[in-house]
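Asks: Structure incoming, see below.
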Amino acid sequence: MFPYFGLLRVLPFLLTVFVSLASSEHTSNWAVLVSTSRFWFNYRHLANVLSLYRTVKRLGIPDSQIILMLPDDMACNPRNVFPGTVYSNADRAVDLYGDNIEVDYRGYEVTVENFIRLLTDRLDEDVPRSKRLGSDAGSNVLVYMTGHGGDQFLKFQDSEEIGAWDLADAFGQMWEKKRYHELLFMIDTCQANTMYTHFYSPNIIATGSSELDQSSYSHHADNDVGVAVIDRWTYYVLEFLETQVTSANSKLTLGDLFDSYDETKIHSQPGVRWDLFPGAEQEGRLRTVVDFFGNVQNIEVENTTATDPGSLKEDLIEIARLVEKWRARDREYLIQPVAGYGDLSRAGEDLVKPMQTTNGGSGGVVVCLGVGGLVDLSEILCLSNPEDDVEDMGGVEVWVFDARRPWNLANVFGGEPVSEQALGEIDANARRKTRGVNKGCITPSYKSSSGGIVVYDDGDIEEDMSKEREAYCALLEMPEVDEEDEEDLGDDSGSEGEVDQPSSSDSRKRKSWSRTDDEDESDEEDGPPRQRRRSNSGSSLASSPTRQRPRAHDPFHSSRAVTPVLESPSLAQPKQPSARSLKRRLLRLKRKHESVLQNYYSSGTSYSEPISSLVYSLASELGREDNDLLWLAIVGASSLELSGRTMSGVGISNSSESGGSAGWGGERGERIRQILRDEVHRLNPPDPYERDRDIRGEINGVIPTTAKSPTDKSIRLSPEPRFILIRHWSLYDSMLHSPYLASRLHVWTENGRKRLNKLLAKMGISLSQSHQSYTHMDMELKRVLRQRLLKYAPMYGLDGLVPAEASGHAASREGWGFVRCWGWKACLSATDVGVIIGAMLEVGPEEAPGSWDTKHLSRPRSAPELNGVDSTESDLASIVPRFWCAYDALSLTPESPTLLLEALPLAQHLHRSILRTGTSLLSKHQIRHLRAFRIAVVKDGPDVKLFTNPGALTKLALWIAEAIQVQERERGDLVKIGRKRAAGTPLVLAGLDEDRDLYVVVGTGGGGGVVDFAALNKRREERRKKKEVKETKRKEKEERRAKRASERAQREADGEEDFEESEEEESSSESESESEDEDDTRADKHLLRNRFGIAFQEVVQETNTRVRIDSFDHCVVEVRKEDLGAFLEALSFRSVVG
């Protein structure tokens, strides 16, 4: 079954369960009150602080939890006519400098350094506790500052300044160190609101006295004192606190306080920032004033043993019950890595089968990520038993996210359980309506209680598989024709065309329509795993829905059939056809539908939208997208390109056209990348204070290598060149190991290396500069690198080395890559992460991170593993540690960038080995031409053990294939088959594994094509013009129809026939126009697909070679060492692309 995206409103949950816990109340209150001005004329700043000091003490915060910082002693100043006193009002009613005052930092102790050390708890050990801020994760902290300031700075004693970023980072460290629960920041100075613009830590509410370019004014002066005694904003804040908040039990909120601001009285525009607080303004306004200006009240709990509703004991019991429930739910989630069909089958037997209600389980959901699309999951996961009369999946629902194609149609259009009631009492159409499934497509009325297989569609099924859908459903509803019937009617049906003329192999395989033969085949022990017979083997066997539902009785008349053919009203003629004639028609119709499915399965493998972007789109539908999920989606799309997964299968991309990164999906792939760029701009808006710098950087095309700040975790667009790990290698090594550049400069030859040196010389980059780390290169060279590459690279046939000049809005930067920083820890592009993760999965490590020694790259096999390759046991002992190592490196934890950087040497080692081995094979002419493809064997050299891993061997094959393709294109040797073009050179590469006495063989072919943006824009313009012409024709057609309608009453019968005929002509012309548009949009279908998987299976079935086919990528197999020659000889007669 496959869902519409509207299903998201029906499904009860997605892949991840999001649990939000209510914040606990704070346990203590602290206040930090700072005056930053000295000298007599700044008397008011001291009075501001002392006024707040008096208020917070009145509301309950003790001196032990108040930090008071006064840079000058106005009470003892010789100019003070009232010695020993400080007043904030001309009536001098309250002496703020009374007997009960404790100053913690005085005079020259009030510095920027001491203030930041106080907040971040970086004081020396000998600093007394009275000068320390003793807050913790349960403390609400009030920070009040006053003095002279400007745009994003506040002066300390006219000798130094604290910047907005300094303050933001100090609060950031407080949050990281769990030094506050919630924080209220208040500041009274000129342009005060600019001081909190860079705050990024959560749980902060900030307010200030004046906007950018506004002054903060004093309220009034005392003529006897001779200076102003208080500032306006602080005066009115105190007025609210003293007149409205009269006790520590006050219920007045911060919203009430901020609403009391009156710009006509304050003479400036106060500001409030809510966005950092959970729930933003709506929740922040509900915080009471005493949550920050008062102290936590002691509460006595009486009768703690009571169990009445609302009692403490009952609450504790309920909390314990919820905690146990959450723990139990967490135990229900399990991540199980699988490396092949053998592992998948064992996971079905060991993990999925016990979940079924029929086996004592409670049902549940199984999510298959990147696996399961090519095989019948109901069989391989043990969801159904062919011997049962009724198919019951035991309440287990399987969700499939897979980019591999072709789909196994049993999962897509079947995949739903058949209940006993449905079999006996309800016809097929009524049952589908009840289940909420219409020809495999889930409708909003779908209920998941019974289990089933749900395939998430990225658009291919709904838009491109209507023929296959109709054929599959028709076969399901068709009465079964036994083998004897086919043989009896074979001669009569031979005149119906080629559809009824199956090959000998197909005739032999069609025996599987008989139930007795199904039972015989189930007992087979030899050959590849059982599930492979159900995948894209190229035969009607894999596509026959009737074979996947064997029953003790005829299921197609009860559960899935429409009204039997013999009773159809359309056949109720005076002279009814004979039973033989009906069977003949039925057989022809059956073979017609089988032919549709046969063509679908035999078209070869391909890759569609990355599952990472598909899952991100689902999260977006639920409103749960964020920067971390977006980054994982981007990395997934980049990894698909790096591993050669194209829309034509595993193969190289056609890079001859201009463009940026290699395209795995042609125009469709570029549309998805553009959506990701739009999401980057939406979730990472430019900082208004950094906007000009960001725009200048994008215009110059400088690739980012550092973060903007210590806490910068944003994603940015970058004009990434097609180099390898440029930020973490020298420019020369990055260019040398780039498959794109290496294949076009022929770097495996001496002349190729010289061409690389000449390219660097033309760009004005010396060898000494190019050989040092890119981050240490001259800044001016890095600034002009992109422009010089655009100028000189085309001279060497490197048109797509860097993205072309961007035009239009920044969000439409076609071909640009993605970069993310983790503060000062790391700065990595999505391609960098894809390269590193690929190396971790393909070649290690198996021991502690950092052990990248070659001796650890291949684990010796134990004796039982050397017995033969027929066993489906995979080498999970080495694969699982690699999986978890890569999983940790991608996890959303602070250690993730560190783990990625630690794995950089492994990625560099892999690409050095690819260059070294590829150079050896090409320079020694060890690549042979064998009819339909080229063949190379890696059996000696220092890196032979590394290439026993299929992933590393595939990357080497892609490197060699791209080099051969460039050579062939230079000679004009491109392959064409009919209307299709071969964008990649078919290549078979074998790597010798001496430990197991076998060869790992990978077949690459096809290609996805780099997007030609100029041609893309041209096609878009042509489509726009066609649309305009079509709209004009539609209007003319409506006018003609209106004219005919007015004449219709007077038209004779023959005139009506003419009218209908003209309508048919217009409809015909309209359909022709639509078909032209459809052909234009589906031009990618003329690319050749990788058919090595089908060819491998055909060779295995017709020869005695010992081959193991267990990989999810069907173009990867293992062949016995002595059988390789016979295997390749038989393979050379097969069609490997098509």
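When the letters of the sequence shown are read in order and numbered with mature numbering (1 follows the signal peptide of the UniProt record, and there is no 0), they come out as residues -24 to -1, 1 to 1114. Quick reminder that beta carbons are idealized off the backbone N, C-alpha and C, glycines included. Since we're looking at a predicted model, the values are computed, not measured.
Run through DSSP, which three-state label would H905 get?
Replies: In this structure, DSSP gives H905 an extended state, which the three-state scheme calls strand.
Asks: Taking only runs that begin and end inside the stretch 879 to 940, name each unbroken alpha helix (DSSP H) of 4 or more residues, in chain order.
Replies: The DSSP assignment places 880 to 899 as complete runs of the alpha helix (DSSP H) inside the stretch 879 to 940, in order along the chain (cut-off: 4 residues).
Asks: In terms of residues, what are the limits of the beta strand (DSSP E) holding F15?
Replies: Careful: F15 lies outside any beta strand (DSSP E) and carries neither H nor E.
Asks: Three Cβ pairs or more, each shorter than 8 Å: is that satisfied between the stretch 805 to 818 and the stretch 599 to 619?
Replies: Short answer: they touch.
Asks: Could you check if R647 is buried or exposed, using at least 16 other CB atoms within 10 Å of its CB as the buried criterion?
Replies: R647 should be labelled exposed.
Asks: Work out the CA separation of E158 and G270 for me, nearest whole Å.
Replies: 14 Å
Asks: Once DSSP output is grouped into helix, strand and coil, what is the label at N414?
Replies: strand
Asks: Does the stretch 735 to 743 come close enough to the stretch 751 to 766 that 3 or more CB-CB pairs lie under 8 Å?
Replies: Counting C-beta pairs with one atom in each stretch, the stretch 751 to 766 and the stretch 735 to 743 have three or more that are closer than 8 Å, which means they touch.
Asks: Could you check whether the stretch 1070 to 1088 touches the stretch 309 to 323, counting it as contact only if at least three pairs of C-beta atoms, one from each stretch, sit closer than 8 Å?
Replies: yes
Asks: Which residue marks the beginning of the alpha helix (DSSP H) containing T219, and which one marks its end?
Replies: Boundaries of the alpha helix (DSSP H) harbouring T219: R208 to T219, taken from the DSSP string.
Asks: Which one of R789, Y448, E259 and R68 has the shortest CA to CA distance from A386?
Replies: That would be Y448, whose Cα lies nearest to the Cα of A386.
Asks: Can you tell me which of the three DSSP states S226 falls into?
Replies: coil
Asks: Of the residues W16, A182 and S854, which one's Cα is nearest the Cα of L817?
Replies: S854
Asks: Do you know whose CA, among L608, S899 and L777, lies nearest L765's CA?
Replies: It is L777.
Asks: Classify L605: buried if its beta carbon has 16 or more other beta carbons within 10 angstroms, exposed otherwise.
Replies: buried
Asks: Quick one: is E401 buried, meaning 16 or more other Cβ sit within 10 Å of its Cβ, or exposed?
Replies: For E401, the predicted structure reports a pLDDT of 44, less than 50, and the residue's modelled location is therefore unreliable. A value from the coordinates is still provided. E401 is exposed by the Cβ-count criterion.
Asks: Please go through the stretch 576 to 603 and give each complete alpha helix (DSSP H) segment of 4 or more residues, from N-terminal end onward.
Replies: 587 to 597
Asks: Just list the residues that DSSP pairs I429 with in beta bridges.
Replies: DSSP lists V374 as partners of I429.
Asks: Alpha carbon to alpha carbon, what distance is there between W800 and V591?
Replies: 30 Å
Asks: Answer yes or no: do S424 and E373 have a C-beta to C-beta separation smaller than 8 Å?
Replies: yes
Asks: Quick one: what does DSSP say G390 is sitting in, helix, strand or coil?
Replies: The three-state secondary structure of G390, taken from DSSP, is helix.
Asks: To which residues of the same chain is A146 closer than 7 Å at the C-beta, ignoring the five residues directly before and after it?
Replies: I92, L95 and T96
Asks: Per DSSP, A966 is paired with what?
Replies: V913 and V977
Asks: DSSP three-state call for L159: helix, strand or coil?
Replies: strand
Asks: Check each candidate in E1004, R653, V213 and G390 and name the one with the smallest Cα separation from A450.
Replies: It is G390.
Asks: Going by beta-carbon coordinates alone, are L963 and R910 separated by less than 8 Å?
Replies: By the CB criterion at 8 Å, L963 and R910 fall inside the cutoff.
Asks: In its own chain, which residues sit with a C-beta less than 7 Å from the C-beta of T333, not counting the 5 before and 5 after it?
Replies: G339, G370 and G371
Asks: By how many angstroms is the C-alpha of T681 removed from the C-alpha of Y73?
Replies: 54 Å
Asks: Looking at the strands, I want to know which residues DSSP matches up with K131.
Replies: E137
Asks: Can you say whether L1107 is buried or exposed, counting buried as having 16 or more other CB atoms within 10 angstroms of its CB?
Replies: buried
Asks: Assign M454 to one of three DSSP states: helix, strand, or coil.
Replies: In the structure shown, M454 sits in coil (DSSP, three-state: anything other than H, G, I, E or B).
Asks: In terms of alpha-carbon separation, which member of D251, T222 and E239 lies closest to V265?
Replies: Among D251, T222 and E239, the Cα nearest to that of V265 belongs to T222.
Asks: Look up I437 in the DSSP assignment and say whether it is helix, strand or coil.
Replies: helix
Asks: Measuring alpha carbon to alpha carbon, tell me which of S694, L320 and C803 ends up nearest T751.
Replies: C803
Asks: Following the continuous alpha helix (DSSP H) through V88, name the residue where it begins and the one where it ends.
Replies: Per DSSP, the unbroken alpha helix (DSSP H) holding V88 starts and ends at V88 to T96.
Asks: CB R1082 to CB R1096, shorter than 8 Å?
Replies: yes
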